[in-house]
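Enquirer: Going by our numbering, the sequence shown opens with residue 6, and the numbers climb by one from there. Idealized CB from N, CA, C, for every residue including glycine.
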Amino acid sequence: MNNEINQNNDLDAYRAGQLSQQYANANLPFVVVPGEGKVHTFPETLDRPLQLQQTVSLHTAKDFIGYVNRFADKNSVIFVNVLGGKIQAVLDYHEASPVEEYGSNAKQRHCLHKAIFNVEQTPEFKKIRDKSGESMSQSDFALFLEDVMPYINQPAAAELYEIVSTLSAKTSVDFKSGIRTDNGQVSITYNENIDANAGREGKLNIPEQIVFGIQVHRGGSHYALPARFRYRIKDGNLRMYYDLDQLEKAIEKSMEDTVTYIREGKVIDNGDGTETNLSGVHSDVTILEGSVN
Numbered sequence: 006m007n008n009e010i011n012q013n014n015d016l017d018a019y020r021a022g023q024l025s026q027q028y029a030n031a032n033l034p035f036v037v038v039p040g041e042g043k044v045h046t047f048p049e050t051l052d053r054p055l056q057l058q059q060t061v062s063l064h065t066a067k068d069f070i071g072y073v074n075r076f077a078d079k080n081s082v083i084f085v086n087v088l089g090g091k092i093q094a095v096l097d098y099h100e101a102s103p104v105e106e107y108g109s110n111a112k113q114r115h116c117l118h119k120a121i122f123n124v125e126q127t128p129e130f131k132k133i134r135d136k137s138g139e140s141m142s143q144s145d146f147a148l149f150l151e152d153v154m155p156y157i158n159q160p161a162a163a164e165l166y167e168i169v170s171t172l173s174a175k176t177s178v179d180f181k182s183g184i185r186t187d188n189g190q191v192s193i194t195y196n197e198n199i200d201a202n203a204g205r206e207g208k209l210n211i212p213e214q215i216v217f218g219i220q221v222h223r224g225g226s227h228y229a230l231p232a233r234f235r236y237r238i239k240d241g242n243l244r245m246y247y248d249l250d251q252l253e254k255a256i257e258k259s260m261e262d263t264v265t266y267i268r269e270g271k272v273i274d275n276g277d278g279t280e281t282n283l284s285g286v287h288s289d290v291t292i293l294e295g296s297v298n
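This is the structure:
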């Protein structure tokens, strides 16, 4: 009785193996283990795999476009996660065509050939982003401003250098109060102790707003990123920080420009009076805002 059951299982397994070859439209080697009723296939013996399974990570938009254009067809889809900074192409995406036997408007495919482009934020942008809202002593704030001075559009470099110099020099003073003036600055009053019996009052003027001119994503354009200057005075000590305005909008705008480049291509100035045209992806590749596993 058991032998008969095993023979039936082996026969069913053999038929399943034959069927797998039929659906694969290829001669896929397989064996049926007697008594187990299991089919063991050997796809690694084929000259080419039956299905393409590959995930590639690209580091630049140009290379992402080049890879997609090499392998894409009219059913390929690119998914864009704007705030997540991730762009993913599924090159063997489902075919949008009616299939009567399934009663469906999509002919399914494996969706196993993918190209991923993680749009990386620049180190200088991450530094400015991460310091937003962080309270610093005046000396630390001076060091920070000096470090990011190349990325500050407003105030002008000469004015910014004077602020940094004043913050670095006035470390042994008692700060009293601060007011916002009509010319868009913050005027902070301090008392500098000259000796035991005398003192000298001074003022530290700092712009109410700092504007960073910065590249948000690697290879992208530069954007104006405004930040509001903040301060706190407690027991004569000054704490300073800034709050970035419209941070998410800057990230979103930079990503939108990257997606526009991927979709339409762009023209770059070579700096010598000539231009270079960079192509985008094929026009029949669909680009959607979203994500896919």
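Measure the alpha-carbon distance for T194 versus G207 and round it to whole angstroms.
Expert: 6 Å
Enquirer: Since H99 and R114 should fall inside the 8 Å C-beta cutoff, what is the C-beta to C-beta distance between them, to a whole number of angstroms?
Expert: With 8 Å as the limit, H99 and R114 qualify as a contact, their Cβ atoms being about 5 Å apart.
Enquirer: Please say whether Y247 and R237 have beta carbons closer to each other than 8 Å?
Expert: In terms of Cβ geometry, R237 and Y247 do not form a close pair [threshold 8 Å].
Enquirer: At which residues does the beta strand (DSSP E) containing S62 begin and terminate?
Expert: Its beta strand (DSSP E) spans residues 59 to 63.
Enquirer: Who does Y228 pair with in a DSSP beta bridge?
Expert: DSSP, once it has assigned bridges, lists I219 as partnering Y228.
Enquirer: Leaving out the 5 sequence neighbours to the left and right, which residues in its chain are closer than 8 Å to L293 when beta-carbon positions are compared?
Expert: Contacts found: V82, I83, F84, V85.
Enquirer: Can A229 and I215 be called in contact, C-beta distance under 8 Å?
Expert: Taking C-beta atoms as the reference points, A229 and I215 fail to come closer than 8 Å.
Enquirer: Just how far apart, CA to CA, sit F331 and I157?
Expert: A query on residue 331 cannot be resolved here, the shown segment of the chain reaching from 6 to 298 and no further.
Enquirer: Nearest by alpha-carbon distance to L117: which of G71, E151, L55 is it?
Expert: Answer by Cα proximity: L55.
Enquirer: Let's test the definition: count the other Cβ atoms within 10 Å of the Cβ of I273 and tell me whether it reaches 16, buried, or not, exposed.
Expert: exposed
Enquirer: Give me, in chain order, the residues of the same chain whose beta-carbon lies closer than 6 Å to that of D250; leave out the 5 immediate sequence neighbours on both sides.
Expert: P231
Enquirer: In whole angstroms, what separates the C-alpha of E213 from that of D68?
Expert: 42 Å
Enquirer: Can you tell me where the alpha helix (DSSP H) with A147 in it begins and where it stops?
Expert: Residues 143 to 153.
Enquirer: In chain order, what residues of the same chain lie with their CB nearer than 6 Å to the CB of Q27, ignoring the 5 residues before and after it?
Expert: In this predicted model, Q27 has a pLDDT of only 47, less than 50, meaning its place in the structure is not dependable enough to derive any value.
Enquirer: Tell me which residue opens and which closes the alpha helix (DSSP H) that T263 is part of.
Expert: 252 to 269
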